[in-house]
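Novice: Counting from 1 along the first sequence, just add 636 to a position and that's the residue number in our numbering.
Positions of the beta carbon are idealized from the N, C-alpha and C atoms, including for glycine.
One structure, as structure tokens, below. Some questions next.
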Amino acid sequence: MTDINRDYCIVPDNFYPVKSLQKYVHMGVVRKYRKGDTISFPGEVLDRVIYVVSGKVSVYFLEDNKQKLMYYACRYCPIDGAFGFKIGLIHVVSEENSTVCFFSKEQLFEIFRQDDEAHLEFLSNFACKCGFFMYVSKEMDLYTPTARVLRMIYELCLTKGKVVDNIYEIDIKLTQKTISEITGVHFVSVCRIFGWLKKEKIVHKTPNKIIIYDLPRLKDMINLNNKH
DNA sequence: CCATTAATATATA
DNA sequence: TATATATTAATGG
């Protein structure tokens, strides 16, 4: 079996997809939101699982007038508001026009009783998220900010890069700001890193893709930026 | 809205 | 104390 975490969780918007739940959307409460709409306000009691049917939703933690992006939920991704412990204020926002379905715990139990596959996928999604946040925690402890950004590019290259003449192309729509939010590196620092990578002709980022001209050099840079 | 740059302050090895 | 990173603010695409 391939490594699920690597396949799904470098950018936290592609956790293990729970496709089987699609069939049961009629059992829950379906709502549509427009881009920028809040799906669940900070402080609001959320006792449902929010299942993303289409579009894209983001989950933030709020604290001390600051907000921290935890993850994005795209199609087939559930956002748990029913099973886990509540950790402070959670803000769920629609990033695009989105359709979501609210499931209660009881509804999900009913589904799981009759559908092992849905159950398994749901668990896999949970495990995938758990793995991602362990990964992030490790990155924070073991690597410098610059190394974290470089490592993210490197990981993306290995998992999603397409090779042509030793040049890797990653088709991914990713802003520097998003990379900043995911890696915990300040957006100005991220900008400087990409500026340097471009100047050195190692990596070039456009709005829709990342091109790696010199993978060995990228790897060298990661090592040079490791903590000693 | 997103990216870049400079000046300055903090943090870390 | 030297280097890396964050912060803030100003500016341009």
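Is V821 helix, strand or coil when you go by DSSP?
Specialist: In this structure, V821 counts as coil in the three-state DSSP scheme.
Novice: With a Cβ-Cβ cutoff of 8 Å, do K765 and I808 count as a contact?
Specialist: Result no, Cβ atoms of K765 and I808 do not sit closer than 8 Å.
Novice: CB-CB under 6 Å to D716, same chain, minus the five flanking residues each way: which ones, in chain order?
Specialist: Within the same chain, D716 has close Cβ partners V685.
Novice: Can you tell which of Q743, T735 and E742 has its C-alpha closest to the C-alpha of H692?
Specialist: Reading off the sequence, residue 692 comes out as Lys, not His. Ranking Q743, T735 and E742 by Cα distance to K692 puts T735 first.
Novice: Taking the continuous alpha helix (DSSP H) assigned at T842, which residues delimit it?
Specialist: That residue, T842, is in no alpha helix (DSSP H); it is neither H nor E in DSSP.
Novice: Is G679 helix, strand or coil by DSSP?
Specialist: G679: coil per DSSP, three-state reduction.
Novice: Assuming contact is defined by CB atoms lying nearer than 8 Å, are N761 and F651 in contact in what I supplied?
Specialist: Yes, these two residues count as a Cβ contact at 8 Å.
Novice: Which residues does DSSP pair with H727 in a beta bridge?
Specialist: Beta-bridge pairing links H727 to Y696.
Novice: Helix, strand or coil: how does DSSP classify G831 here?
Specialist: The answer is helix: DSSP assigns G831 an H, G or I state.
Novice: Please look up how many angstroms separate the CB atoms of K655 and Y696, rounded, as I've assumed it's under 8 Å.
Specialist: Between Y696 and K655 the Cβ distance is about 26 Å, and since that is not below 8 Å, they are no contact.
Novice: Are K702 and A718 closer than 8 Å when you measure CB to CB?
Specialist: No, Cβ-Cβ distance for K702 and A718 is not below 8 Å.
Novice: Which same chain residues, not among the five before or five after M637, have their C-beta less than 7 Å away from its C-beta?
Specialist: Legend: pLDDT at M637 = 46, less than 50; position of this residue unreliable, no value from coordinates given.
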